[in-house]
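Worksheet: the structure to be examined is printed underneath.
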Amino acid sequence: MILGVALGEVAPTMVAVDDGTATWPVARGAARHASRACVAVDLGGVRTAPVAAIRVGGPCPEALGPVVGSGAATIVRGGHSVTGRRLAPLDTEAVRRFAATCGLVDFAVTATGSPILADHELEVAGIVAAEVPRARITLSYEFGYPGLREREADAIRNAALGPEAGRIADEVARELPGVPAYFARSGGGLVSAHYFRRFPLTCDRGAVASLARGRAALSGGGGRVEISDGAEVSAEVSAEVPVEVPVEVPDGVAAAYGAALGRPEAHVERIVLARGRAELDRVLRDARDEALTRVVSAGAAPGSAGIEEITVNPLSYLPDGLYRVRVTAGGRPWAG
């Protein structure tokens, strides 16, 4: 039995899914015997942590600096061009000084040119970890966007969501001890609790995506919901209707059902420089390997992991040989 869970502002909604049929509601005792729990949650309104943002690059007007709200930010010398050429040596002392004095533990690091060459972001992460042993560090190159400010905004939000994602994952683990937990991605699919803690931005709109998937499955005849004996039902589902309810179920139940239908999925987006077909093939192999590694980290059983989609688009507005690569990998969950 797979447990679908939709976390809302009041109480979670749970459905038990077996062979495509969802039983609702589910007693808490029975829920603890599930082979896995698939959790749908939206993070739009949750409490966020103050972030220490480090941008590696050249000086810029104050209005174009990192946007951190109540956090702290600095810009240090360093970074690379879009072709991987080093623009300046990394100012390691400035990084060390900021990390030691900002008083924060959630860091977002963004360097110019990091989608091509992430060396300076990785070096900054090493310095921060040495200065702040409890630091949680998000690196912008992991999001793959070519634009610095777009990557930086996502890195900052990912870092800001980290503590609350950890709290949510801990709460699910307490409520369902021993049940492997997965979290619904914003774009579909699932990730492990470990991945959710590390990349909560991946699941920022998980409940919205799950609701759409659940509604589509129910309205398309691909699934059904059975009301348990004695269940309290909403106005949409009155006590007089038959036991099998094909579509008219509350949004919480549909979102929980949609989450339970997912499976582990991971994406890798990179800007790559490849001069010739042989070099492009090599970087694509690297991207495929990284996607397979990521989907296993996201909770797929290693033997089940496979590549589902690869897209390669040349970036015509940049020098020849630059491509945006996106690789999607999927697999079967470890449990169930």
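Each number in this note's numbering corresponds to the 1-based position in the sequence shown with 10 added.
Just so it is clear, CB atoms sit at the ideal spot from N, CA and C, and this is done for glycine as well.
- Task: Decide if Val119 is buried, meaning its Cβ has at least 16 other Cβ atoms within 10 Å, or exposed.
- Result: Locating residue 119 in the sequence shown gives position 109, where the first residue counts as 1. It is buried - the Cβ of Val119 has at least 16 other Cβ atoms within 10 Å.
- Which residues mark the beginning and the end of the alpha helix (DSSP H) in which Phe108 is found? The count along the sequence shown starts at 1 and reaches residue 108 at position 98. From DSSP, the alpha helix (DSSP H) with Phe108 extends over 102-111.
- Just tell me which of Val201, Pro156, Ala62, Ala59 has its CA closest to the CA of Pro324. For the purposes of this step, residue 324 is identified with residue 314 of the sequence shown, where counting begins at 1. The candidate whose alpha carbon is nearest that of Pro324 is Pro156.
- Query: If you drop the 5 nearest sequence neighbours on each side, which residues of the same chain put their C-beta closer than 6 Å to that of Val98?
  - Reply: In the sequence shown, the residue the question calls residue 98 occupies position 88. One detail in the question is off: residue 98 reads as Ala in this sequence, not Val. Contacts found: Arg87, Gly88.
- Work out the CA separation of Gly136 and Pro343 for me, nearest whole Å. Your numbering for residue 343 matches position 333 in the sequence shown. Your numbering for residue 136 matches position 126 in the sequence shown. Those two C-alpha atoms are separated by around 32 Å.
- Would you identify the three-state DSSP class for Tyr327, choosing helix, strand or coil? Counting from 1 along the sequence shown, the entry for residue 327 is found at position 317. Of the three classes helix, strand and coil, the one that applies to Tyr327 here is coil, per DSSP.
- Task: For Ala16, name the three-state secondary structure that DSSP assigns.
- Result: Sequence index remark: in the sequence shown, residue 16 carries index 6 (1-based). Ala16 falls in the strand class under three-state DSSP.
- Closer than 6 Å by C-beta to Gly67: which residues in its own chain qualify, once you throw out the five before and the five after it? Chain order, please. In the sequence shown, the residue the question calls residue 67 occupies position 57. Gly89, Thr122.
- Query: Mind checking whether Gly349 and Glu300 have CB atoms under 8 Å apart?
  - Reply: With the chain covering 11 to 346 only, the question about residue 349 has no answer from this structure.
- Residue burial classification, Ser80 (beta-carbon count within 10 angstroms, cutoff 16): The sequence position of residue 80 within the sequence shown is 70, counting from 1. Answer is exposed; the Cβ neighbour count stays below 16.
- From this set, Arg95, Arg161, Val56, which residue's C-alpha is nearest Ile178's C-alpha? As a working mapping, residue 178 is identified with position 168 in the sequence shown. For the residues Arg95, Arg161, Val56, the minimum Cα distance to Ile178 belongs to Val56.
- Query: Cβ atoms of Pro274 and Gly347: under 8 Å apart, would you say?
  - Reply: It is not possible to answer for residue 347, since the shown part of the chain is limited to 11 through 346.
- Query: Which whole-angstrom value describes the C-beta separation of Arg195 and Cys213, a residue pair presumed to lie in contact below a C-beta threshold of 8 Å?
  - Reply: In the sequence shown, residue 195 corresponds to position 185, counting from 1. In the sequence shown, residue 213 corresponds to position 203, counting from 1. Arg195 to Cys213, Cβ: 6 Å. Contact.
- Task: Mark Cys112 as exposed unless 16 or more other C-beta atoms lie within 10 angstroms of its C-beta, in which case mark it buried.
- Result: Position 102 of the sequence shown, counting from 1, holds the residue named residue 112. Per the 10 Å Cβ criterion, buried.
- Task: Report the option in Ala265, Glu181, Glu103 whose CA atom is closest to the CA atom of Val134.
- Result: Taking the first residue of the sequence shown as position 1, residue 134 is located at position 124. The residue with the shortest Cα to Cα distance from Val134 is Glu103.
- Item | Which listed residue (Phe209, Tyr333, Gly268) has its alpha carbon closest to that of Ala276 | Residue mapping note: residue 276 aligns to position 266 of the sequence shown, counting from 1. It is Phe209 whose Cα lies nearest to the Cα of Ala276.
- Message: Just to check my reading of the structure: Met11 and Ser45 have Cβ atoms closer than 8 Å, yes? What is that Cβ distance to the nearest angstrom?
- Response: In the sequence shown, counting from the first residue as 1, residue 11 sits at position 1. In the sequence shown, counting from the first residue as 1, residue 45 sits at position 35. Sure, about 6 Å apart at Cβ, within 8 Å.
- Item | Given Leu200 as reference, the closest of Val305, Ser326, Ala32, Ile126 once Cα atoms are compared | Here residue 200 is taken as the residue at index 190 of the sequence shown, counted from 1. If we check each option's Cα against that of Leu200, Val305 comes out closest.
- Task: Assuming Ala47 contacts Val15 (C-beta within less than 8 Å), just tell me the rounded distance between them.
- Result: Locating residue 47 in the sequence shown gives position 37, counting from the first residue. Locating residue 15 in the sequence shown gives position 5, counting from the first residue. So it is a contact: roughly 6 Å between Cβ atoms.
- Query: Quick one: Cα of Gly262 to Cα of Thr31, how far?
  - Reply: Residue numbering aside, residue 262 sits at position 252 when the sequence shown is read from its first letter. Residue numbering aside, residue 31 sits at position 21 when the sequence shown is read from its first letter. Straight-line Cα distance between these residues: approximately 16 Å.
- Item | Integer Cβ distance of Val49 from Ala140, believed to fall under 8 Å | Position 39 of the sequence shown holds residue 49. Position 130 of the sequence shown holds residue 140. No, Val49 and Ala140 are not in contact; Cβ-Cβ is about 35 Å, not under 8 Å.
- Task: Measure the Cβ-Cβ separation of Ser307 and His204 and say whether it is below 8 Å.
- Result: Numbered from its first residue, the sequence shown carries residue 307 at position 297. Numbered from its first residue, the sequence shown carries residue 204 at position 194. Contact flag set, yes.
- Task: Give the secondary structure of Ala118 by DSSP, where H, G and I count as helix, E and B as strand, and everything else as coil.
- Result: To locate residue 118, count along the sequence shown from 1; it is residue 108. In the structure shown, Ala118 sits in a strand (DSSP, three-state: E or B).
- So Leu200 is in the beta strand (DSSP E); what residue range does that whole segment cover? Taking the sequence shown and counting its residues from 1, one reaches residue 200 at position 190. Counting along the chain, the beta strand (DSSP E) containing Leu200 begins and ends at 200-202.
- Ordered along the chain, which non-local residues of its own chain (more than five positions away) have a Cβ less than 6 Å from that of Ile320? Here residue 320 refers to the residue found at position 310 when the sequence shown is read from its first residue. So the list reads Val337, once near-sequence residues are dropped.
- Would you kindly check if the distance between the Cβ of Tyr333 and the Cβ of Leu290 is under 8 Å? Along the sequence shown, one-based indexing puts residue 290 at 280. Along the sequence shown, one-based indexing puts residue 333 at 323. Yes, the Cβ-Cβ distance between Leu290 and Tyr333 is below 8 Å.
- Item | DSSP bridge partner residues for Trp344 (one or two, in chain order) | Residue 344 sits at position 334 when you count from the first residue of the sequence shown. In DSSP, Trp344 forms no bridge with anything.
- Message: DSSP three-state label for Val49, please.
- Response: To locate residue 49, count along the sequence shown from 1; it is residue 39. Val49 falls in the strand class under three-state DSSP.
- Message: What does the alpha-carbon distance come out to for the pair Val335 and Glu131?
- Response: Counting from one through the sequence shown, the residue named residue 335 turns up at place 325. Counting from one through the sequence shown, the residue named residue 131 turns up at place 121. The alpha-carbon atoms of Val335 and Glu131 are separated by roughly 20 Å.
- How far does the alpha helix (DSSP H) with Leu149 in it reach, from first residue to last? On the sequence shown, position 139 is the one that residue 149 refers to. Run containing Leu149: none in the alpha helix (DSSP H); it sits in the beta strand (DSSP E), 146-149.
- Message: Taking its Cβ as the centre, do 16 or more other Cβ atoms sit within 10 Å of Gly286, making it buried, or is it exposed?
- Response: Mapped onto the sequence shown, residue 286 falls at position 276. So Gly286 ends up on the exposed side.
- Where Gly309 falls, given that 16 or more other Cβ within 10 Å makes a residue buried: The residue you call residue 309 lines up with position 299 of the sequence shown. Gly309 is buried by the Cβ-count criterion.
- Query: Three-state secondary structure (DSSP) at Ile281?
  - Reply: One-based indexing of the sequence shown puts residue 281 at position 271. Three-state result, Ile281: strand.
- What residue range is occupied by the uninterrupted alpha helix (DSSP H) comprising Ile137? The residue you call residue 137 lines up with position 127 of the sequence shown. Ile137 -> alpha helix (DSSP H) spans 129-141.
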